[in-house]
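Visitor: My questions will all concern the structure given below.
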Amino acid sequence: MQNRLFASIVTVFLLLGVLFLDSTFQLGIGRNLQSLVSPVGVVVSDTGESISSFFGGIVGIGKLQKENTDLKSKLDSAMAEIALIKTAKEENESLKKELGFKRTTNISTVAATVVSFDPTLRSGINVVVESTEGIAKGSPVMSEGFLIGRVSEISGKTIKVNLIVDSTSSIPAVVLGKDITGIAKGIIGNGLILDQVPQSEPIAENDLVVTSGLGGDLPKGVILAKVGTISKISGSIFSNVELLPMVDFSKVERVMIGKQ
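Structure below.
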């Protein structure tokens, strides 16, 4: 097929060349070509259809590419809208939890926005508030009603939060519904344990751990973690109780700070 097409194109160009010479020099060749080109005409006609089909295919591909580009643009727009809807939904759920927390406690709080955090969480997070009135060092910081840390520094409207997983954090706590007390302590490596829990205590995985209110620094009954793995410490009367924070600190965007 390709050889046929090539031969036809060459023939057409030769004929055009002969006609050009005949027109220029009046050689009288054109009158004698009709009988010669009749068979060629059939070939050229068939070839023309092939060429037309070929270029039509190219045009069709161009249209498909444009349609594909248009569809991709519409898909990108749809994905962007879905992302916005998802973000709005997450913010709405977060606000509902915060509102529910305020209704079930007597804690007066002020909203703050997270502006930076250390990926290792060793330096905690920094938040910004409209007013620091009533906020002091040691004030509780919560996200969706869960305790995540305490105020450690105040500089203008920027507040540094010391997270509960920091190795310097130590919070009196109690296992909800079991009256099992201990100290929720941050450990090196961003972990959290419930210290000083006797092995005889009936503590179990997924038990909720809340603030006990002892010492008066923090309000009583704020959820801070749930119990993870429990293991015995060799040569000790206490258990090694791992705690799992209720919040992914790296994803916190808004917090509520308790006023004193």
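Okay, so the sequence shown: first residue is 657 according to the numbering used here, each after it adds one. Even glycine gets a Cβ: it sits at the ideal position worked out from N, Cα and C.
(1) What is the DSSP secondary structure of GLY625, reduced to helix, strand or coil?
(2) Check the C-beta distance from PHE894 over to VAL865 and give it rounded, since I have them as a contact under 8 Å.
(3) Quick check: what's the CA-CA separation for GLU909 versus THR769?
(4) When you compare only the Cα positions, how much space is there between GLN855 and VAL903?
(5) Rounded to a whole number of angstroms, what is the C-alpha to C-alpha distance between VAL699 and ASN724?
(6) Where ILE884 and ALA840 are concerned, what is the direct C-alpha to C-alpha distance, given to the nearest angstrom?
(7) Excluding the 5 residues preceding and the 5 following THR824 in the sequence, name in chain order all residues of the same chain whose CB lies nearer than 8 Å to its CB.
(8) According to DSSP, is GLU898 part of a helix, a strand, or is it coil?
(9) Just to confirm my understanding: we take ASP822, look at its own chain, exclude 5 residues before and 5 after, and list those with CB closer than 6 Å. What are they?
(10) What residues in its chain sit with their C-beta under 7 Å from that of LYS907, if we drop five residues either side in the sequence?
(11) Assign GLY718 to one of three DSSP states: helix, strand, or coil.
(12) Run the CB neighbour count on PRO796, radius 10 Å, all protein chains shown included, and call it buried at 16 or more, exposed below.
(13) Count the other CB atoms within 10 Å of the CB of PRO636; is the residue buried (16 or more) or exposed (fewer)?
(14) Closer than 8 Å by C-beta to PRO901: which residues in its own chain qualify, once you throw out the five before and the five after it? Chain order, please.
(15) Measuring alpha carbon to alpha carbon, tell me which residue in ASP835, VAL831, GLY869 and VAL783 is nearest LEU899.
(16) Could you give the residue range of the beta strand (DSSP E) that holds ILE791?
Guide: So, from the data block:
(1) Not covered by the structure: residue 625. The range shown for the chain is 657 to 916.
(2) Taking the sequence shown and counting its residues from 1, the one referred to as residue 894 is at position 238. Taking the sequence shown and counting its residues from 1, the one referred to as residue 865 is at position 209. Contact flag wrong, Cβ pair sits at about 16 Å.
(3) Within the sequence shown, residue 909 is the residue found at index 253, counting from 1. Within the sequence shown, residue 769 is the residue found at index 113, counting from 1. About 6 Å.
(4) Indexing the sequence shown from 1 puts residue 855 at position 199. Indexing the sequence shown from 1 puts residue 903 at position 247. Going from the Cα of GLN855 to the Cα of VAL903 covers about 27 Å.
(5) For the purposes of this step, residue 699 is identified with residue 43 of the sequence shown, where counting begins at 1. For the purposes of this step, residue 724 is identified with residue 68 of the sequence shown, where counting begins at 1. Its pLDDT being 43, under 50, VAL699 is placed unreliably in this model, and the value from its coordinates should be taken loosely. Roughly 37 Å between the two C-alpha positions.
(6) Here residue 884 refers to the residue found at position 228 of the sequence shown. Here residue 840 refers to the residue found at position 184 of the sequence shown. Correcting the residue type first, residue 884 is Gly in the shown sequence and not Ile. Their Cα atoms are separated by approximately 13 Å.
(7) Counting from one through the sequence shown, the residue named residue 824 turns up at place 168. Only ASN818 and GLY842 meet the Cβ criterion.
(8) Position 242 of the sequence shown, counted from the start, is the residue given in the question as residue 898. Correct three-state label for GLU898: strand.
(9) Position 166 of the sequence shown, counted from the first residue, corresponds to residue 822. GLY842, listed in sequence order.
(10) Your numbering for residue 907 matches position 251 in the sequence shown. Here the set comprises nothing.
(11) Counting from 1 along the sequence shown, the entry for residue 718 is found at position 62. The answer is helix: DSSP assigns GLY718 an H, G or I state.
(12) For the purposes of this step, residue 796 is identified with residue 140 of the sequence shown, where counting begins at 1. Buried, because 16 or more other Cβ atoms sit within 10 Å of the Cβ of PRO796.
(13) Past the edges of the chain, shown from 657 to 916, lies residue 636, and the structure says nothing about it.
(14) Within the sequence shown, the letter at position 245 stands for residue 901. Answer for PRO901: PHE802, ILE804, ILE820, VAL821, LEU848, LEU880 and ALA881, listed in chain order.
(15) Here residue 899 refers to the residue found at position 243 of the sequence shown. Looking at the Cα atoms, VAL831 is the closest of the given residues.
(16) Taking the first residue of the sequence shown as 1, we reach residue 791 at position 135. Counted as a single uninterrupted DSSP element, the stretch harbouring ILE791 is not any beta strand (DSSP E), since DSSP gives it neither H nor E.
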